[in-house]
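Beneath this line is the structure, given in structure tokens, with notes to follow.
Numbering (the working numbering), first residue to last: 10 to 234.
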């Protein structure tokens with residue numbers, strides 16, 4: 010949803026007109042704000058990433074052991090290691106690792122991601138309830154200074170903040186079917202994912218397109234084909 014700030018009334022108002030003085034705002038005073046509630050335990054992206062990481066680690070470990078055996082003890086010894094129980098024990102890392110991931114994700118519980126688009130860039134804040142174990146399960150310290158009272162009187166813990174300035178965006182990928190916009194600081198690597206409710210997608214896409222020019226528009230056209 011678009012929010013606008015009136016310096017004269019010192020009010021932030023939904024829409025493009027100040028509820029206090031009736032003044033219509035310019036684009037410089039407007040920002041797009043929305044939130045998404047999610048449960049990391051049910052996030053398929055996390056599970057796919059964990060699976061590929063564990064498979065890669067197991068394969069790399071086995072390859073290193075076999076290479077060292079072949080180098081120092083000969084190919085016959087390496088073949089014996091391959092036919093031993095070691096490959097099965099190495100692959101056992103995968104289900105054990107997935108069980109550990111399950112435990113950590115279970116402890117993380119539910120989180121709320123708040124996204125803000127303003128004339129400077131895109132911003133993300135992740136919040137969760139202030140139990141200490143939820144921070145520890147995210148491999149973070151349970152800093153009590155990040156427990157912040159909300160407008161409704163509840164207390165939430167600020168888990169992380171990410172910011173990406175429009176001038177630093179190298180590419181944009183629009184995914185209207187899944188209601189996600191990816192902002193890339195480095196092409197094809199570690200994007201800031203703007204996850205949206207379906208009804209907010211077109212508004213956010215138009216806002217991003219206003220500040221991200223040629224590369225973004227090219228990626229958008231390619232994604233919509």
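Note that beta-carbon positions come from the ideal geometry of N, C-alpha and C, so glycine has one too.
{"query": "Per-residue burial, residue 126 [other beta carbons within 10 Å of its own, 16 or more giving buried]", "result": "buried"}
{"query": "Per DSSP, the bridge partner or partners of residue 180", "result": "193"}
{"query": "Between the CA atoms of residue 16 and residue 4 - distance to the nearest angstrom", "result": "Residue 4 lies beyond the range of the chain shown here (10 to 234); nothing can be said about it."}
{"query": "Residue 148, buried or exposed, once every other Cβ within 10 Å from all chains shown has been counted against 16", "result": "exposed"}
{"query": "Range covered by the alpha helix (DSSP H) that runs through residue 78", "result": "53-82"}
{"query": "One or two residues paired with residue 121 in a DSSP bridge", "result": "46, 136"}
{"query": "Residue 149 at chain B interface by Cβ criterion, 7 Å", "result": "Among the chains in the structure shown there is no chain B, since it carries only a single protein chain."}
{"query": "Residues near residue 158 by beta carbon distance below 6 Å, same chain, minus five either side", "result": "164"}
{"query": "Exposure of residue 13, with buried meaning 16 or more beta-carbon neighbours within 10 Å", "result": "buried"}
{"query": "Endpoints, beta strand (DSSP E) assigned at residue 202", "result": "201-204"}
{"query": "Residue 99 to residue 160 span [Cα, whole Å]", "result": "51 Å"}
{"query": "Coil, strand or helix - residue 131 by DSSP", "result": "strand"}
{"query": "Per-residue DSSP class, three states only, for residue 35", "result": "coil"}
{"query": "Whole-number beta carbon distance between residue 188 and residue 167, since they are thought to touch under 8 Å", "result": "Actually they are not in contact, since the Cβ atoms of residue 167 and residue 188 sit about 25 Å apart, beyond 8 Å."}
{"query": "Residue 77 to residue 68 span [Cα, whole Å]", "result": "14 Å"}
{"query": "Residue 101 versus 64, 141, 219, residue with shortest Cα-Cα distance", "result": "64"}
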